[in-house]
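As structure tokens, the structure follows; a few thoughts come after it.
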Amino acid sequence: MQKRNNLLKVIQADDPMARDNLTIVVEFILLGFSDLPNLQGFLFAVFFIIYISILIGNGLLIIITKIDPSLQTPMYFFLGNFSFLEICYTSVTLPRMLADLWTQKRTISFLQCAVQTCSLYILGVAECLLLAVMAYDRYVAICKPLYYPLIMNRRICIQLVVVSWIFGVPVLVEETYQIFCLNFCGPNKLNHIFCDAPPLLELACGDTYKREISVHVAALAFVIIPFLLILTSYVKIIITILRLPSTSGRSKAFSTCSSHLIVVSLFYGSGSIVYLRPKSHHSTGSVKVFALFYTTVIPMFNPFIYSLRNKDVIAALRKLCPK
């Protein structure tokens, strides 16, 4: 009985009419990869290596964009901020996941779950907006090169980054508050790798339809609108590139956008599968895989995508890490 109490940690509601039938969950259990008991050590090693790779790779990009004189341009200013954002984004989920794999405890308090959910959403929206800002930067550079220094001056760049970070905070804090104000009076096992709205809503008691609609509306607003801005920017960029007279000019112009396009495709592709597809098509296994993809795998590959396809970044890394 004591073990069950320690595991579930639920308390009876104060309402005397519902005391016999209703309990309030004060702690959740993140099931994660508990269905793979023989692979816990292996998974810990894999995710530990991934996390270290994310810290080192994105950390190097931050350093070289700050200290290398040839990278003191708006494009690399945004790239440095994007790398810092990726480190923050993965640090919301990966350390907790590693701790769960190491200790096999898997419990997370109600407050910690709320903080993790809110932080994940704020940083995810910031990433969507920053990707849109980076696309706009490429649009101005290619479509309006003569006005580029004027439009993308230092003050504007800083303002765009600040807006990307804080724009969605009030709405997302309110959304998170509304989710955790629901009654969680039954099972407290989240069949996911981190706290997220879809599995939380499945555990909530009563009618959650309005809250599900609210989550989808917020996702559409903060995900689709930046995506449309990115799409519009690249349509105009492609039209401009195709009008360039020389093949070498077209190749050079496209090379400056290809890395960003790859990252946008991977991030939006995996995120859309998790949040925007119909609930009837959800598979727990596939949701976990795609959630891992956009919260872990993409941040690990971002430094490689941006460095291997960018001669300026490669040159700066060689200067920073000589033979």
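Anchor point for the sequence shown: position 203 equals 201 in our numbering, and the numbering is continuous, going up by one each time.
Idealized CB from N, CA, C, for every residue including glycine.
Everything numeric in this text was worked out from a predicted model, so none of it was measured.
Item	Value
Answer with buried or exposed for residue 143, where buried requires no fewer than 16 other C-beta atoms within 10 angstroms of its C-beta.	exposed
To the nearest angstrom, how far is the alpha carbon of residue 88 from that of residue 254?	26 Å
Residue 136 and residue 214 - do their beta-carbons sit closer together than 8 Å?	no
Look up residue 293 in the DSSP assignment and say whether it is helix, strand or coil.	helix
Between which two residues does the alpha helix (DSSP H) carrying residue 106 extend?	Unbroken run through residue 106 is the beta strand (DSSP E), 105 to 107; no alpha helix (DSSP H).
Rounded to whole angstroms, how far is the Cβ of residue 151 from the Cβ of residue 300, which I believe are closer than 8 Å?	Rounded, the Cβ-Cβ distance is 26 Å, inconsistent with contact.
Residues bridged to residue 27 by DSSP?	105 and 187
Hey, quick one: how far does the alpha helix (DSSP H) through residue 54 stretch, first residue to last?	38 to 65
From 47, 138, 85 and 119, pick the residue whose C-alpha is nearest to that of residue 239; which is it?	138
If you count every other CB in all the chains shown that lies within 10 Å of the CB of residue 31, and 16 or more means buried, which is it?	buried
Leaving out five residues before and five after residue 209 in sequence, what residues of the same chain have Cβ atoms less than 8 Å from its Cβ?	176, 177, 180, 199 and 202
Between the segment 111 to 127 and the segment 165 to 176, do at least 3 Cβ pairs fall closer than 8 Å?	yes
When you compare each of 224, 217, 53 and 27 to residue 99 by their alpha carbons, which one comes out closest?	27
Compute the Euclidean distance between the alpha carbons of residue 232 and residue 125, then round it to the nearest angstrom.	18 Å
Please name the residue, chosen from 134, 296, 97 and 313, that lies closest to residue 53 on a Cα-to-Cα basis.	296
Tell me the rounded alpha-carbon separation between residue 133 and residue 127.	10 Å
Mapping the DSSP letters down to three states, classify residue 150 as helix, strand or coil.	coil
Are the beta-carbon atoms belonging to residue 63 and residue 77 less than 8 Å from one another?	yes
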